[in-house]
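Engineer: Shown below is the structure under consideration.
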Amino acid sequence: MQLRHVESFLAVVEEGQFARAASRLFLSPPAVTGHVRRLERELGVPLLHRSPVSLTEAGARFLPHAQAMVTAANAASAAVKDLHGARDAVIRVGVMTPGAAELTPAILRAFCRAQPRTRLTVESLGFTDFLSAVLEHRVDVAFVRPAPDDERVVTDTLTVEPRILLTLAAGDLAHADGVRLDDVLDLRFVRFPETTPRLLSDYGSFAAARNGMDAHWGVGQATSAQDLMTSIAAGWGVAGTLQSLGRYYRSPGTCAVPVVDAPWEASALVSRRDDLRPEIRAFRDLAVALARDPGLSRLRPPVAPER
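Numbers given in the numbering used here equal positions in the sequence shown, counted from 1, plus 567.
Have a look at this one:
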C-alpha cells in the first residue's frame with residue numbers, strides 16, 4: 568500500500584471533490600483518480616461513491632486507519648529529517664515472541680515505507696535475554712512482554728491486554744469459559760531458567776496474587792515461547808501470559824483459558840535511555856502512533872506511552 572495513494576484518498580474525503588484534492592496535492596485530477604482506484608484495487612473494495620463524493624461503508628472503516636498511517640509516516644519523517652543525505656542507518660530490532668502481536672509487523676512495514684534508507688534487522692529474543700539484549704547493545708529496540716520498569720531503558724507501552732492461562736488441551740480447565748486466580752495459583756507452572764529476569768517468572772506465575780507465597784514449579788525449563796508450548800503440551804505445567812499470545816501463537820495439545828479477575832498486563836517497545844539517535848526516536852514515535860490506532864490491533868489502547 569503506497570502512502571501517496573492513501574494521501575490522495577484522504578484529500579478527496581476532506582475536500583469533497585477530486586478536482587479540489589488534486590489542486591491541494593499539486594497533482595492532476597486523473598492522477599488523484601488513479602491513486603484512489605489503485606488503492607481500491609489493492610484493498611478489494613470500493614472506498615468512495617463518485618457522484619457525489621462520499622464514503623462507502625468500507626471507506627468509512629478504512630478512514631481512521633488511513634489517517635493513522637499518514638500521521639505515523641509524517642512523525643517518522645520529521646524525526647529523521649536531519650539525516651537526509653547522511654549515511655544509511657541500521658536499527659537492530661529484537662522480538663520476544665510474539666512481540667506486540669499484530670502490531671509488530673505493522674510497525675516494521677510502516678517504518679520501512681516511511682524511512683526506506685534506514686535498514687531494519689530482526690532478531691528473536693528468548694525469556695532470558697529480552698532485556699539484556701538491549702542493555703548489552705545486541706539490539707537497539709525490542710518488542711517485549713511484560714513491560715519492564717528499569718531506569719536504564721525507555722519503555723513505550725503498546726498494548727494492555729487481558730491475561731490467559733495456557734494449559735494442557737486435555738486438562739481439567741481446558742473447556743472452561745474462564746477461570747479465576749484462585750483456580751490457578753495452586754497449579755504447577757512451567758519453570759524458567761535461573762537467568763530469567765524475575766519480572767518474567769513472576770508474570771508467568773501470577774506472583775502478584777500470591778501474597779509472597781512461591782509458585783509450584785513443574786519439571787523442565789522454558790527459554791522461549793516454543794519451549795513453553797512444548798512443555799505445556801507435555802503436561803509439565805501451565806503458564807500465564809497475555810491474551811494475544813494464545814491467539815497469535817498456537818500449538819497442538821494446548822489451549823488458552825481467560826483468567827477473568829487477573830489484572831491486565833502490557834506489551835512494550837524498549838530502547839536504551841542513552842540512545843538518542845534520531846532514527847530510534849522515529850521508530851518509537853511511529854510505534855506509539857500505530858499502537859493508538861484501534862484498527863491495527865484488537866487490543867485496548869495503551870494507557871501510558873512512556874515510563
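By construction, the Cβ of each residue, glycine as well, lies at the ideal position given by its N, Cα and C atoms.
Do Thr-763 and Ala-835 have their CB atoms nearer than 9 angstroms?
Structural biologist: Contact: no.
Engineer: Can you say whether Ser-618 is buried or exposed, counting buried as having 16 or more other CB atoms within 10 angstroms of its CB?
Structural biologist: Classification of Ser-618: exposed, given that the 10 Å Cβ count is below 16.
Engineer: Within this structure, are the beta carbons of Ala-640 and Arg-684 separated by less than 9 angstroms?
Structural biologist: No, they are not a contact pair.
Engineer: Rounding to the nearest angstrom, what Cα-Cα distance links Ala-625 and Leu-577 in this structure?
Structural biologist: So the alpha carbons of these two residues sit roughly 14 angstroms apart.
Engineer: Between the stretch 809-817 and the stretch 666-674, are three or more C-beta pairs nearer than 8 angstroms?
Structural biologist: Yes, the stretch 809-817 is in contact with the stretch 666-674.
Engineer: In this structure, does DSSP put Met-663 in helix, strand or coil?
Structural biologist: Three-state result, Met-663: strand.
Engineer: For Glu-690, list the residues DSSP reports as bridge partners.
Structural biologist: Answer is Gly-661.
Engineer: Val-599 lies in the alpha helix (DSSP H); which residues open and close that run?
Structural biologist: Taken as a continuous stretch (DSSP letters only), the alpha helix (DSSP H) holding Val-599 covers 596-610.
Engineer: Can you check which of these residues, Glu-832, Ala-736, Gly-787, Gln-810, is closest to Ala-774 by C-alpha distance?
Structural biologist: Cα-wise, what sits closest to Ala-774 is Glu-832.
Engineer: Can you tell which of Glu-609, Ala-743, Arg-839, Arg-747 has the C-alpha that lies nearest to the C-alpha of Phe-710?
Structural biologist: Residue Arg-839 is the option with its Cα nearest to Phe-710.
Engineer: In whole angstroms, what is the alpha-carbon distance linking Leu-675 and Leu-594?
Structural biologist: In a straight line, the C-alpha of Leu-675 is about 29 angstroms away from that of Leu-594.
Engineer: Would you kindly report the start and end of the unbroken beta strand (DSSP E) that includes Ser-772?
Structural biologist: Run containing Ser-772: none; DSSP gives neither H nor E here.
Engineer: My guess is that Leu-748 and Asp-828 are in contact by the Cβ rule of under 8 angstroms, so how many angstroms apart are they, rounded?
Structural biologist: About 6 angstroms separates the two Cβ atoms, so the contact holds.
Engineer: Have a look at Cys-822, Arg-604, Ala-586 and flag the residue whose alpha-carbon is nearest the alpha-carbon of Val-573.
Structural biologist: Considering only alpha carbons, the answer is Arg-604.
Engineer: Below 8 angstroms CB to CB, which residues in the same chain sit around Arg-686 once its five sequence neighbours on both sides are set aside?
Structural biologist: Only Asp-655, Ala-656, Val-657, Ile-658 meet the Cβ criterion.
Engineer: Looking only at DSSP bridge pairs, what is Ser-834 linked to?
Structural biologist: Answer is Thr-726, bridged to Ser-834.
Engineer: Report, in whole angstroms, the separation of the C-beta atoms of Val-579 and Leu-615, which I expect to be a contact under 8 angstroms.
Structural biologist: Indeed they touch by this definition, with Cβ atoms about 6 angstroms apart.
Engineer: Count the other C-beta atoms from every protein chain shown that fall within 10 angstroms of the C-beta of Val-786, then say buried if there are 16 or more, exposed otherwise.
Structural biologist: Exposed: under 16 other Cβ atoms inside 10 Å.
Engineer: Could you compute how far the alpha carbon of Val-855 sits from the alpha carbon of Pro-672?
Structural biologist: Computed Cα separation, rounded: 14 angstroms.
Engineer: Verify whether the separation of the beta carbon atoms of Leu-630 and Leu-622 is less than 9 angstroms.
Structural biologist: Taking 9 angstroms as the Cβ cut-off, Leu-630 and Leu-622 qualify as a contacting pair.
Engineer: Between which two residues does the alpha helix (DSSP H) carrying Ala-668 extend?
Structural biologist: First-last for Ala-668: undefined, no H or E at that position.
Engineer: Determine, using beta-carbon pairs with one atom in the stretch 801-815 and one in the stretch 728-737, whether at least three such pairs fall under 8 angstroms.
Structural biologist: The stretch 801-815 is in contact with the stretch 728-737.
Engineer: Would the beta-carbon of Val-660 fall within 9 angstroms of that of Val-720?
Structural biologist: Not closer than 9 angstroms, so no.
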